[in-house]
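For the record, the sequence lines run as chains A and B. Counting from 1, one number per residue, gives the positions in the first sequence under the numbering used here. Counting from 1, one number per residue, gives the positions in the second sequence under the numbering used here. Where is the CB? At the ideal position from N, CA and C, for every residue including glycine. Owing to the predicted nature of the structure, the values given are computational and were not obtained by experimental measurement. In what follows, a structure is listed as structure tokens, so that the remarks can point back to it.
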Amino acid sequence: MTSVHTTVDDRRRAPATSVGARRRALSIAGLIAGVIIAILLSLAFGSRTVSMAEIIDGVTSWVQGQTPSHIGAIAVQARIPRTVLAIMAGAALALSGALMQAITRNPIADPGILGVNTGAALAVVCGIAFFGITSPYEYLWLALGGAILTSIFVYNVGSVGPGGSTPIKLALAGAATTAALGSLVSAVLLPRTAAMDTFRFWQIGGVGGADWGTMAVIAPLLVAGTLVAFICAPGLNALALGDDVAVGLGVRIGRTRLLAAVAGVVLCAAVTAVAGPIAFVGLMVPHVVRMLVGPDQRWMMPLSALGGAILLTLADTIGRLIGYPGETEAGIVTAFVGAPVLVIIARRSRMRAL
Amino acid sequence: MTTLPATPDIAARTALVRAGRIRRSRRRVLVMVVLAVAVLALLSAVIMIGNTIYPVSDVLAVIRGESVPGASFTVGTLRIPRALVGALAGLAFGAAGTTFQTMLRNPLASPDVIGISAGASAAAVVCLVVLRWSGTATMFAALIAGVATAAAIYFAARGGESTGGRLILIGIGIGAMLDSVVSYTIQRAAEWDVAVAMRWLTGSLNGSRWEDVLPLGIAVAVLLPALALLSRQLKALELGDAAATSLGVRVDHVRILLILAAVALTCFATATTGPIAFVAFLAGPIVSRLVGHGSSLTIPAALMGACLVLTSDLIGQFAFDTRFPVGVITGILGAPYLLFLLIRTSRRGGSS
Chain A
1 MTSVHTTVDD RRRAPATSVG ARRRALSIAG LIAGVIIAIL LSLAFGSRTV SMAEIIDGVT
61 SWVQGQTPSH IGAIAVQARI PRTVLAIMAG AALALSGALM QAITRNPIAD PGILGVNTGA
121 ALAVVCGIAF FGITSPYEYL WLALGGAILT SIFVYNVGSV GPGGSTPIKL ALAGAATTAA
181 LGSLVSAVLL PRTAAMDTFR FWQIGGVGGA DWGTMAVIAP LLVAGTLVAF ICAPGLNALA
241 LGDDVAVGLG VRIGRTRLLA AVAGVVLCAA VTAVAGPIAF VGLMVPHVVR MLVGPDQRWM
301 MPLSALGGAI LLTLADTIGR LIGYPGETEA GIVTAFVGAP VLVIIARRSR MRAL
Chain B
1 MTTLPATPDI AARTALVRAG RIRRSRRRVL VMVVLAVAVL ALLSAVIMIG NTIYPVSDVL
61 AVIRGESVPG ASFTVGTLRI PRALVGALAG LAFGAAGTTF QTMLRNPLAS PDVIGISAGA
121 SAAAVVCLVV LRWSGTATMF AALIAGVATA AAIYFAARGG ESTGGRLILI GIGIGAMLDS
181 VVSYTIQRAA EWDVAVAMRW LTGSLNGSRW EDVLPLGIAV AVLLPALALL SRQLKALELG
241 DAAATSLGVR VDHVRILLIL AAVALTCFAT ATTGPIAFVA FLAGPIVSRL VGHGSSLTIP
301 AALMGACLVL TSDLIGQFAF DTRFPVGVIT GILGAPYLLF LLIRTSRRGG SS
């Protein structure tokens, strides 16, 4: 009996693993190639389209710290910061989404849908209106605080009652909180026309206003969040089997959840503080990656980061092409791609069983 | 139930049921009368109160068409349209909201939460700020966009089980997408348009004109009775699709008619005042507390909607140093109730 079982098991596992490994290798290679292509496209397209030679010229002279002589290379240099920010922000948002989905075991967990962005927005608006804050560094800390408070609040409201956090309860809690905080934002802004004008440029997320200074401020946060995400990945794998099994496997579930949650919120809050609210990246990318490499978090996390970087960089490039001669923010592009993806997810998954 | 005699006596039971019915319908009529009186009182308050308070005689004279110095402009041109638009929008939001909540069997599923108002506002803000269309054209564009949004959500959610929950989830996603259109347009707007455009984020009665009253009035006059008539079938739908079918309700047919009427009301109101937050969402649950179960909520909820809008407008105009638009007040008043409802519904294990 036992020998039969082992052979069946071996037969079942052996080819699957090799196929899985080949598929993973292909996915990694594909995603890395995708990032490189996305970077090239982002440098090449815009209100002035440049050639490959100009890209190389622009980047090399940028590395050497010189100002290039002709306009194409200058355009390339101007596009470097926003490309870097798009990669950082996209990777962080996708990681944050992957973490939140893993912790809540909920397929629609995404900072945009859970109202985290509006929380950050309210904190920033209060800062502008009541404390006269103008520097991006102070925005950053306010946004971070607002985002953290809101996400804790929404998650708690959304997981009251039997069954914990179902997708619908979380989504409704997020939508309701967004509406409520949105009214507060209007209440603070309406009497202050000047603040309103400052703020409306903060309402849609985009990477157009990329600035090395603020990026340097959030970079340590992003690096720390990413490291924590990678460290938590095996623990999150165990959590996916249910709390009891995870405890049996020797995972400290409370600590793993807390660490992963803090990392997830810090990642998305830091990005929101610099790039504004960008929805749906954290929702879409982990789902696509799960289709590619399966549910193993140790692969999900790094590949989601790559996927998010591709998505946001492409969204920014597409936004520049659609909005010609101006530009459309990346946040709008991701919203338009993301809503249909949400529809597909909602149609695929059975609402109760999640 | 405890008063029933030990031996089953059909006549006594029938009498008990009948007494219950009469008691409930009396309560419903009472609530409706009280709400109607409240709406009238609030209307007159909005018309009379302001920087200058005009006596009833002046207001009546203006309504009769006589020219009263000062009052003719303030009351006739500014305050009466404002009051009427507020009341009509409140009626529309209240009726549409309770229809959606009853149909989807979820108190949280009102048109403002599931993205239909967002569709109407997106169309309206694009037409007004970008294309610079007139009020009437904007209203029809908003109507078409709202119906299209509702249709998209409905068809995306169709098929398989548990349509209600999926519909809400899809609606929230599509609403998020359309809200980004509103923000985008506002960001592109010239600085002097920002105040106008902000209306499409919050909803406001400022700048209501006589031209706005007529289309909204016609819409409410046609669609509100239609909803009230259909609401009998709505009660059957509340029992679940299978039960409703066996009671002789053509489920898909009735549902599409109800959705169309409710969406149209939402869109007309949104195109006139902007999405006044939470009115559609609050009116139904408040009224169902007052009226109790077992009877149609459409008309009472409509009246409650009008009360909410007019009260909030009075608060927004006079309670603070700054004049806040009505949507901000309803948003702030509504938010705690929304969260309370959310927690209570979840505790009970409802709203799957």
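Can you give the Cα-Cα distance for A:G209 and B:G327, rounded to whole angstroms? Counting from 1 along the first sequence, the entry for residue 209 of chain A is found at position 209. Counting from 1 along the second sequence, the entry for residue 327 of chain B is found at position 327. In a straight line, the C-alpha of A:G209 is about 31 Å away from that of B:G327.
Per DSSP, what kind of secondary structure is B:T330 in: helix, strand or coil? Position 330 of the second sequence holds residue 330 of chain B. Three-state result, B:T330: helix.
DSSP state of A:I204 mapped onto helix, strand, coil: Taking the first sequence and counting its residues from 1, one reaches residue 204 of chain A at position 204. DSSP places A:I204 outside both helix and strand once states are collapsed to three, so it counts as coil.
Can you name, in chain order, every residue of its own chain whose Cβ lies under 6 Å from the Cβ of B:C267, other than the five neighbours on each side? As a first step, residue 267 of chain B is located in the second sequence; it is residue number 267 there, counting from the start. Within the same chain, B:C267 has close Cβ partners A120, A142, L143 and G146.
State the DSSP-derived secondary structure class of B:P225, mapped to helix, strand or coil. Taking the first residue of the second sequence as position 1, residue 225 of chain B is located at position 225. Looking at B:P225 - three-state DSSP - the assignment turns out to be helix.
Nearest-angstrom Cβ-Cβ length linking A:L95 and A:L221, presumed shorter than 8 Å: Walking along the first sequence from the start, residue 95 of chain A turns up at place 95. Walking along the first sequence from the start, residue 221 of chain A turns up at place 221. Actually they do not touch by this definition, with Cβ atoms about 12 Å apart.
Using Cβ-Cβ distances below 8 Å, what residues of the stretch 109 to 127 of chain A are close to chain B? G112 and I113
Just the chain B side, please: which residues come within less than 8 Å of A:L172 by C-beta, in chain order? Taking the first residue of the first sequence as 1, we reach residue 172 of chain A at position 172. What A:L172 touches in chain B: L108, V113, I168, I172, L342 and S351.
Can you tell me whether A:A181 is helix, strand or coil according to DSSP? Position 181 of the first sequence, counted from the start, is the residue given in the question as residue 181 of chain A. In the sequence as presented, Ala is not what sits at residue 181 of chain A; that position holds Leu. Helix at A:L181.
Give the residues of chain A in contact with B:L282, contact being defined as C-beta atoms less than 8 Å apart. Taking the second sequence and counting its residues from 1, one reaches residue 282 of chain B at position 282. Result: empty, since nearest Cβ-Cβ is about 12 Å, beyond 8 Å.
Using the Cβ count rule (16 or more neighbours within 10 Å means buried), how would you classify A:E54? Locating residue 54 of chain A in the first sequence gives position 54, where the first residue counts as 1. Looking at its Cβ environment, which holds 16 or more other Cβ atoms inside 10 Å, A:E54 is buried.
For B:G331 and chain A, any beta-carbon pair shorter than 7 Å? Along the second sequence, read from residue 1 onward, the residue named residue 331 of chain B stands at position 331. Yes, its Cβ sits closer than 7 Å to a Cβ of chain A.
Can you name, in chain order, every residue of its own chain whose Cβ lies under 8 Å from the Cβ of A:S3, other than the five neighbours on each side? As a first step, residue 3 of chain A is located in the first sequence; it is residue number 3 there, counting from the start. The pLDDT assigned to A:S3 is 43, lower than 50, so where the model puts this residue is not dependable; a value taken from the coordinates is nonetheless given after this. Apart from sequence neighbours up to five positions away, no residue of its chain approaches A:S3 with a beta-carbon distance below 8 Å.
Would you say B:R347 reaches chain A, if we count a Cβ-Cβ gap shorter than 7 Å as a contact? Mapped onto the second sequence, residue 347 of chain B falls at position 347. Closer than 7 Å to some Cβ of chain A, the Cβ of B:R347 qualifies, so yes.
Kindly indicate which three-state DSSP category B:L133 falls into: helix, strand or coil? The sequence position of residue 133 of chain B within the second sequence is 133, counting from 1. Rather than Leu, the amino acid found at residue 133 of chain B in this sequence is Trp. Three-state DSSP puts B:W133 in coil, outside helix and strand.
Rounded to whole angstroms, what is the Cα-Cα separation between A:L292 and B:T99? On the first sequence, position 292 is the one that residue 292 of chain A refers to. On the second sequence, position 99 is the one that residue 99 of chain B refers to. Those two C-alpha atoms are separated by around 43 Å.
Alpha-carbon to alpha-carbon, A:E138 and B:A122: Working through the second sequence from its first residue, we reach residue 122 of chain B at position 122. Working through the first sequence from its first residue, we reach residue 138 of chain A at position 138. Looking at the two C-alpha atoms, the distance is approximately 32 Å.
Closer than 7 Å at the beta carbon, the chain A residues around B:A176: Within the second sequence, the letter at position 176 stands for residue 176 of chain B. What B:A176 touches in chain A: G112, I113, A279, A335 and A339.
Alpha carbon to alpha carbon, what distance is there between A:L140 and B:L308? Position 308 of the second sequence, counting from 1, holds the residue named residue 308 of chain B. Position 140 of the first sequence, counting from 1, holds the residue named residue 140 of chain A. Their backbone Cα atoms lie some 38 Å apart in a straight line.
Quick check on DSSP: helix, strand or coil for B:G97? On the second sequence, residue 97 of chain B is found 97 positions in, with the first residue counted as 1. Residue state, collapsed to three classes: helix.
Pull up the distance between the alpha-carbon of B:G331 and that of A:G72, whole angstroms please. For the purposes of this step, residue 331 of chain B is taken as residue 331 along the second sequence, with counting starting at 1. For the purposes of this step, residue 72 of chain A is taken as residue 72 along the first sequence, with counting starting at 1. Rounded to the nearest angstrom, the two C-alpha atoms are 50 Å apart.
Which runs of the alpha helix (DSSP H) at least 4 residues long sit entirely within the stretch 265 to 331 of chain A? Give them in chain order. 281 to 293 and 297 to 322
Residue range of the alpha helix (DSSP H) that B:P285 falls in? Numbered from 1 along the second sequence, position 285 holds the residue referred to as residue 285 of chain B. Going by DSSP, B:P285 is part of the alpha helix (DSSP H) stretching over V279 to V291.
Mind listing the chain B neighbours of A:I332? Cutoff is C-beta to C-beta under 7 Å, in chain order. Counting from one through the first sequence, the residue named residue 332 of chain A turns up at place 332. For A:I332, the residues of chain B that pass the 7 Å Cβ criterion are S180 and Y184, in the order they occur in the chain.
Start and end of the alpha helix (DSSP H) containing A:Q66? As a first step, residue 66 of chain A must be located in the first sequence, where it is residue number 66. Here A:Q66 belongs to no alpha helix (DSSP H), and DSSP marks it neither H nor E.
Does the Cβ of A:S304 have 16 or more other Cβ atoms within 10 Å, making it buried, or fewer, making it exposed? Counting from one through the first sequence, the residue named residue 304 of chain A turns up at place 304. When all chains shown are included, A:S304 counts as buried.
Just the chain B side, please: which residues come within less than 9 Å of A:A180 by C-beta, in chain order? For the purposes of this step, residue 180 of chain A is taken as residue 180 along the first sequence, with counting starting at 1. Per Cβ cutoff of 9 Å: A277, F278, G331, I332, G334, A335, P336, L338 and L339.
Comparing the C-beta of B:Q317 with each C-beta of chain E, is any distance below 7 Å? As a matter of chain content, chain E is missing from the structure shown, whose protein chains are A and B.
To the nearest angstrom, how far is the alpha carbon of B:Q317 from that of B:F324? Taking the first residue of the second sequence as 1, we reach residue 317 of chain B at position 317. Taking the first residue of the second sequence as 1, we reach residue 324 of chain B at position 324. C-alpha separation (whole angstroms): 6 Å.
Cα-Cα separation between A:A330 and B:V126, rounded to whole angstroms: If you number the first sequence from 1, residue 330 of chain A lands on position 330. If you number the second sequence from 1, residue 126 of chain B lands on position 126. So the two alpha carbons sit approximately 19 Å from each other.
Beta-carbon of B:V328 versus every beta-carbon of chain A: anything under 7 Å? Within the second sequence, the letter at position 328 stands for residue 328 of chain B. Chain A, which has a Cβ nearer than 7 Å to the Cβ of B:V328, makes this yes.
Please list the residues of the stretch 88 to 102 of chain B that have a C-beta atom closer than 8 Å to any C-beta atom in chain A, keeping them in chain order. none
Residues in its own chain within less than 6 Å of A:T317 by CB, not counting five upstream and five downstream? Position 317 of the first sequence, counting from 1, holds the residue named residue 317 of chain A. Cβ within range, chain order: L41, S42 and F45.
heavy atom of the ligand NAD below 6 Å from A:G182 C-beta: Only the bare structure without any ligand can be found here, which leaves the ligand NAD out of the picture.
Is the stretch 103 to 119 of chain A close to the stretch 144 to 163 of chain A, with three or more CB pairs under 8 Å? yes
Here's the rule I'm using: 16 or more other beta-carbon atoms within 10 Å means buried, otherwise exposed. How should A:Y324 be labelled? On the first sequence, position 324 is the one that residue 324 of chain A refers to. So A:Y324 counts as exposed.
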